[in-house]
Amino acid sequence: EAGVAQSPRYKIIEKRQSVAFWCNPISGHATLYWYQQILGQGPKLLIQFQNNGVVDDSQLPKDRFSAERLKGVDSTLKIQPAKLEDSAVYLCASRSSREITGELFFGEGSRLTVL
Amino acid sequence: KQEVTQIPAALSVPEGENLVLNCSFTDSAIYNLQWFRQDPGKGLTSLLLIQSSQREQTSGRLNASLDKSSGRSTLYIAASQPGDSATYLCAALGDRDDKIIFGKGTRLHILP
């Protein structure tokens, strides 16, 4: 079974530039999460999708961050314009349904450095 | 609002020792609790998943327990090895919603 795929793995940009991250979840997983992880901290939820609908985006800085999950499969997270404090690893995760195990699976992450 | 705490934040132990990592949560209404391992620069790898109806799960040298009534979970690592050095995180999935709340992790260093 293929895992959660993310790209790019690394990205370096200057502040005020834009960046986009892509995630392909495990096949059949309806729930998809984007997390931000700053060095030395636990993951912080940015947005949660159920199929192609947003369940929770309360911690997403909507003035600069946007995310979509067209057709309920792949998802894209965009930052525009980037700030220095956006330097972090952006983790995508998908979860099996509760009827199975509800287990969460992560991709390798996309490391963003904003200069 | 669910809060998940992991103590200690960092731990160094000699190779071969058994050790326990702690995870506590404030809301006992959880569907499951999952333990992850994270190596530097990598994503999170699932180690063990405990459903709310279970008391413990085992995988090799790892054993995770869950006590919902006291809001605690522990991850026991037997006969530690240098390769066990990593950050260990726990995460709780809410019973009434789909929120998954993470602890900040315990950074484990096994001394050769």
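Keeping their order, the protein sequence lines are chains A and B. For the first sequence, position 98 matches number 229 in the working numbering, and the numbering has no gaps at all. For the second sequence, position 91 matches number 123 in the working numbering, and the numbering has no gaps at all. Heads up, the beta-carbon is just placed ideally off N, CA and C, and yes, glycines get one too.
- Burial state of B/H141 is exposed, judged by a 10 Å Cβ sphere holding fewer than 16 other Cβ atoms.
- Annotation: the continuous beta strand (DSSP E) that includes A/K175 extends over K175 to Q181.
- Just so you know, the alpha carbons of B/G115 and A/D187 end up roughly 37 Å apart.
- Within the same chain, and ignoring the five residues on either side of B/G48 in sequence, the residues whose Cβ sits closer than 7 Å to its Cβ are A111 and S112.
- When the beta-carbon positions are compared, B/F68 and B/L79 come within less than 8 Å of each other.
- Residue pairing by DSSP places A/H160 opposite no residue, since no beta bridge is assigned to it.
- Chain A places a beta carbon closer than 8 Å to that of B/F134, counting this residue as a contact.
- Residue burial is scored here from C-beta neighbours: B/S91 has fewer than 16 other C-beta atoms within 10 angstroms and is therefore classed as exposed.
- Runs of the beta strand (DSSP E) spanning 3 or more residues and lying entirely within the segment 79-125 of chain B occur at 88-91, 94-99 and 104-109, in chain order.
- By the beta-carbon neighbour count (other beta carbons within 10 angstroms, threshold 16), A/S206 is buried.
- When secondary structure is reduced to three states using DSSP, A/L246 falls in the coil class, being assigned neither helix nor strand.
- With respect to the C-alpha of B/L98, the residue from B/S60, B/P46, B/R139 and B/T138 having the closest C-alpha is B/S60.
- Pairing B/N54 with B/Q38 gives a Cβ-Cβ distance under 8 Å.
- Between A/L222 and B/L76, the C-beta spacing is below 8 Å.
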